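Trainee: In the numbering used here, the protein residues as written are 12 to 412.
Got a structure for you, written out below as structure tokens; questions coming shortly.
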Amino acid sequence: MSGSRIVVGVTGGIAAYKAVGAIRSFVLAGHDVQVIATEAALRFIGAPTFEAISRNPLATDLYDGVAEVRHVALGQRADLIVIAPATANTIAKLANGIADDLLGNTVLASRAPLLIAPAMHTEMWQHPATVANMATLHERGVHVVGPGVGQLTGSDSGAGRMAEPEEIAEAARGILERGRDLAGLRVLVTAGGTREPIDPVRFIGNRSSGRQGVALAEAARDRGAEVTLIAAHLDVPAPSGVAVHEVGTTRELQLAVERLAPEQHAVIMAAAVADYRPAETSEGKLKKDGTGAGLELRLVENPDVLAGLGADRPDGVVLVGFAAETEPDDERLLELGRAKIARKGADLLVLNRVGWTEGFASPRNTIAIIDRAGDRVGEASGDKLVVAHRILDAIRPLTSI
Ligand code: CTP
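So, in structure tokens, the structure goes:
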């Protein structure tokens with residue numbers, strides 16, 4: 012993909028000289044490259060080198076171009092920010108949102124994907140502070156290329172050597188291409204948990220927060236899809252730029268899904284759907300009778316929305332189900348998943364483990380994806396947005412456009 016706007020942040024490490032090669036690859040691939048070098052970077056490589064190679068004036072000082080609020084302008088217009096080399100200090104600042112220079116401010120002012128190429132000595136790379144900072148960046152969905160293992164600056168060698176310029180260019184290309192890879196696709200996502208009223212003030216429900224479904228809607232939107240979200244009692248706000256239909260009960264969700272599914276290229280059933288509802292809903296609030304006799308509620312089964320779609324599948328729609336299971340054993344979890352995907356007639360099933368402390372309401376998730384043959388075709392662990400992208404990566408090749 013040529014013609015993207017890439018901001019390349021160069022920070023103060025000896026590997027800054029290798030960043031010049033990556034910048035050159037971006038320019039030769041037809042991208043508009045804006046280099047932001049930190050003061051420390053300029054102790055390794057001179058400004059004329061960056062300007063000549065990037066074919067643009069270098070940006071360094073936060074206090075230049077204040078009138079046009081430059082850090083915001085640079086951040087907002089970027090399609091991708093690449094930081095190479097990313098020193099231990101830079102990684103620590105990124106993990107903590109510190110904005111004490113033009114690069115830090117630009118990163119915070121941007122919604123573009125961020126790719127970093129760490130470079131440092133092995134001891135620094137393995138220091139618990141760096142390990143914790145990298146974990147934070149991974150969770151936030153930051154892309155990381157390298158570091159490799161090899162000869163370091165001195166006579167020693169080990170992990171911490173910055174990725175080669177070609178590797179950085181390749182990683183950037185992957186991110187930019189995936190950037191709009193769902194353009195032209197209509198994607199329907201259900202999120203949250205349905206609730207079945209017992210009376211005007213009580214319901215039978217579940218603990219789903221809707222976070223994973225919302226992350227899927229957000230990720231699909233960012234990759235260019237036209238997204239519709241069927242929202243059942245979300246704990247988190249629905250993303251902007253997505254058409255939202257609010258539903259309460261399983262039967263309301265079913266109506267919305269069945270109406271919208273035939274227009275979609277993919278239907279992702281991330282919502283936790285109540286399997287049963289009270290046979291009767293009381294018009295007034297149920298009163299306790301005070302005899303100590305207890306209360307019996309009779310439940311009737313709800314329609315299985317996904318299985319219904321699977322049995323009477325709208326043309327060309329990829330169907331994706333979720334299976335939240337409490338089974339602790341990995342192999343048995345997979346077996347449950349295989350039985351479920353067959354029963355539901357879905358193309359893919361996203362398996363995750365839930366429990367008293369796992370899955371629901373957490374910003375993180377751990378999933379495995381299986382296909383109709385029961386084969387594991389993907390897995391992911393981390394921030395729900397990162398997991399959402401992996402799920403979309405598995406769906407993309409199954410769609411017809
Ligand atoms: N689902 C659905 N309609 C239902 C129940 C579930 O469409 N009445 C969908 C969910 O949105 C999810 C998938 O089916 O994508 C699996 O949901 P899950 O609750 O794990 O499965 P159940 O069918 O309820 O099976 P079981 O309770 O036996 O685990």
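Glycine included, every Cβ here is placed at the ideal spot set by N, Cα and C.
Owing to the predicted nature of the structure, the values given are computational and were not obtained by experimental measurement.
(1) What residue from L330, A357, R213 and G20 has the CA that sits closest to G115's CA?
(2) Q275 and V331 look like a contact to me (Cβ under 8 Å); what is the Cβ gap, rounded to whole Å?
(3) For D340, is the beta carbon positioned less than 7 Å from some heavy atom of the ligand CTP?
(4) Could you check what DSSP says for E134 in three-state terms: helix, strand or coil?
(5) Would you mind working out which of D358, P339 and P208 sits nearest G295, comparing C-alpha positions?
(6) Tell me whether L310 is buried or exposed, calling it buried when 16 or more other Cβ atoms sit within 10 Å of its Cβ.
(7) Name, in chain order, the residues that DSSP records as bridge partners for F333.
(8) The ligand CTP heavy atoms versus the CB of N363: any closer than 7 Å?
(9) With distances taken from CA atoms, which of A84, G327 and E342 is nearest D358?
(10) Within 10 angstroms of the Cβ of G204, are there 16 or more other Cβ atoms? Answer buried if so, exposed if not.
(11) Which class does F214 belong to by DSSP, given the choice of helix, strand or coil?
(12) Since Q162 sits in a beta bridge, which residues does DSSP pair it with?
(13) Shortest alpha-carbon distance to T410 belongs to which of H154, L196, V397 and S251?
(14) Counting along the chain, where does the beta strand (DSSP E) carrying Y287 start and finish?
(15) For L310, which residues does DSSP report across the bridge?
(16) Cα separation between E181 and F214?
(17) Count the other C-beta atoms from every protein chain shown that fall within 10 angstroms of the C-beta of K298, then say buried if there are 16 or more, exposed otherwise.
(18) Buried or exposed for L187, please, with buried defined as at least 16 other CB atoms from any protein chain shown within 10 angstroms of its CB.
(19) What do you reckon, are the CB atoms on A120 and Q87 nearer than 8 Å?
(20) What are the boundary residues of the beta strand (DSSP E) that includes Q275?
(21) Tell whether a beta-carbon distance below 8 Å holds between A33 and I179.
(22) Can G216 and V200 be called in contact, C-beta distance under 8 Å?
(23) Taking the CB atoms as reference points, tell me whether V118 and L105 lie closer together than 8 Å.
(24) Put S220 into one of helix, strand or coil per three-state DSSP.
(25) Of all the options H244, H132, A231 and E229, which has the alpha carbon lying nearest to the alpha carbon of G221?
(26) Can you tell me whether D75 is buried or exposed, with buried defined as 16 or more other CB within 10 angstroms of its CB?
(27) Going by Cα to Cα distance, which pick from P158, W136, A272 and L125 is closest to E150?
(28) Around the C-beta of E229, are 16 or more other C-beta atoms found within 10 angstroms, so that it is buried, or is it exposed?
(29) Output needed for A335: all residues of its chain with C-beta closer than 7 Å, excluding positions within five of it in sequence on either side, in chain order.
(30) Please determine whether the Cβ atom of M280 lies at a distance below 7 Å from any heavy atom of the ligand CTP.
(31) I need the boundaries of the alpha helix (DSSP H) containing D404, first residue and last residue.
(32) Which residue marks the beginning of the beta strand (DSSP E) containing T239, and which one marks its end?
(33) Quick check: the Cα distance between D286 and H138, rounded to an integer number of angstroms?
(34) Taking Cβ positions, are L227 and I402 nearer each other than 8 Å?
(35) At what residues does the alpha helix (DSSP H) containing G115 begin and finish?
(36) Could you please give the first and the last residue of the uninterrupted beta strand (DSSP E) stretch that includes P129?
Mentor: For this structure:
(1) Here residue 115 refers to the residue found at position 104 when the sequence shown is read from its first residue. Of the candidates L330, A357, R213 and G20, the one whose C-alpha sits nearest the C-alpha of G115 is G20.
(2) By 1-based counting over the sequence shown, the position of residue 275 is 264. By 1-based counting over the sequence shown, the position of residue 331 is 320. Going by Cβ atoms, the distance from Q275 to V331 rounds to 11 Å, so no, they are not a contact pair.
(3) Working through the sequence shown from its first residue, we reach residue 340 at position 329. Result no, Cβ not under 7 Å from the ligand CTP.
(4) Indexing the sequence shown from 1 puts residue 134 at position 123. E134 falls in the helix class under three-state DSSP.
(5) Taking the sequence shown and counting its residues from 1, the one referred to as residue 295 is at position 284. That would be P208, whose Cα lies nearest to the Cα of G295.
(6) By one-based count along the sequence shown, residue 310 stands at place 299. So L310 counts as exposed.
(7) By one-based count along the sequence shown, residue 333 stands at place 322. Looking at the DSSP assignment, F333 forms a beta bridge with V361.
(8) Working through the sequence shown from its first residue, we reach residue 363 at position 352. No; taking the cut-off as 7 Å, the Cβ of N363 has no heavy atom of the ligand CTP nearer than that.
(9) For the purposes of this step, residue 358 is taken as the residue at position 347 of the sequence shown. Closest option to D358, Cα to Cα, is G327.
(10) Translated into the one-based positions of the sequence shown, residue 204 becomes position 193. G204 comes out buried.
(11) Your numbering for residue 214 matches position 203 in the sequence shown. Correct three-state label for F214: strand.
(12) Start at 1 with the first residue of the sequence shown, and residue 162 comes out as number 151. According to DSSP, Q162 bridges with S168.
(13) Along the sequence shown, read from residue 1 onward, the residue named residue 410 stands at position 399. Of the listed residues, the one whose Cα sits closest to T410 is L196.
(14) As a working mapping, residue 287 is identified with position 276 in the sequence shown. Y287 -> beta strand (DSSP E) spans Y287 to P289.
(15) As a working mapping, residue 310 is identified with position 299 in the sequence shown. For L310, which the question treats as bridged, DSSP gives the partners P289.
(16) Taking the first residue of the sequence shown as 1, we reach residue 181 at position 170. Taking the first residue of the sequence shown as 1, we reach residue 214 at position 203. Spanning the two alpha carbons is a distance of roughly 52 Å.
(17) On the sequence shown, position 287 is the one that residue 298 refers to. Per the 10 Å Cβ criterion, exposed.
(18) Sequence index remark: in the sequence shown, residue 187 carries index 176 (1-based). Buried, since its Cβ has 16 or more Cβ neighbours within 10 Å.
(19) Locating residue 120 in the sequence shown gives position 109, counting from the first residue. Locating residue 87 in the sequence shown gives position 76, counting from the first residue. Yes.
(20) Locating residue 275 in the sequence shown gives position 264, counting from the first residue. Neither: Q275 is in no beta strand (DSSP E) and is coded neither H nor E.
(21) Position 22 of the sequence shown, counting from 1, holds the residue named residue 33. Position 168 of the sequence shown, counting from 1, holds the residue named residue 179. Cβ distance < 8 Å, so A33 and I179 count as in contact.
(22) To locate residue 216, count along the sequence shown from 1; it is residue 205. To locate residue 200, count along the sequence shown from 1; it is residue 189. Contact: no.
(23) Within the sequence shown, numbered from 1, the residue matching residue 118 stands at position 107. Within the sequence shown, numbered from 1, the residue matching residue 105 stands at position 94. A contact, by the Cβ cut-off of 8 Å.
(24) Within the sequence shown, residue 220 is the residue found at index 209, counting from 1. Here S220 sits in coil by DSSP.
(25) As a position in the sequence shown, residue 221 is number 210, starting the count at 1. That would be H244, whose Cα lies nearest to the Cα of G221.
(26) Here residue 75 refers to the residue found at position 64 of the sequence shown. When all chains shown are included, D75 counts as exposed.
(27) Here the question's residue 150 lines up with position 139 in the sequence shown. Ranking the options by Cα distance to E150, first place goes to L125.
(28) For this step, residue 229 is matched to residue 218 along the sequence shown. E229 is buried by the Cβ-count criterion.
(29) As a working mapping, residue 335 is identified with position 324 in the sequence shown. The residues are A283, N363, V365 and G370.
(30) As a first step, residue 280 must be located in the sequence shown, where it is residue number 269. Under cutoff, so the answer is yes.
(31) Locating residue 404 in the sequence shown gives position 393, where the first residue counts as 1. Taken as a continuous stretch (DSSP letters only), the alpha helix (DSSP H) holding D404 covers K395 to I406.
(32) In the sequence shown, the residue the question calls residue 239 occupies position 228. Start and end: E237 to A243.
(33) Along the sequence shown, one-based indexing puts residue 286 at 275. Along the sequence shown, one-based indexing puts residue 138 at 127. Their backbone Cα atoms lie some 49 Å apart in a straight line.
(34) Looking up residue 227 in the sequence shown gives position 216. Looking up residue 402 in the sequence shown gives position 391. For L227 and I402, yes; Cβs fall inside 8 Å.
(35) If you number the sequence shown from 1, residue 115 lands on position 104. It spans L113 to L119 - the alpha helix (DSSP H) in which G115 sits, taken as one unbroken run.
(36) For the purposes of this step, residue 129 is taken as residue 118 along the sequence shown, with counting starting at 1. Unbroken beta strand (DSSP E) run through P129: L125 to P129.
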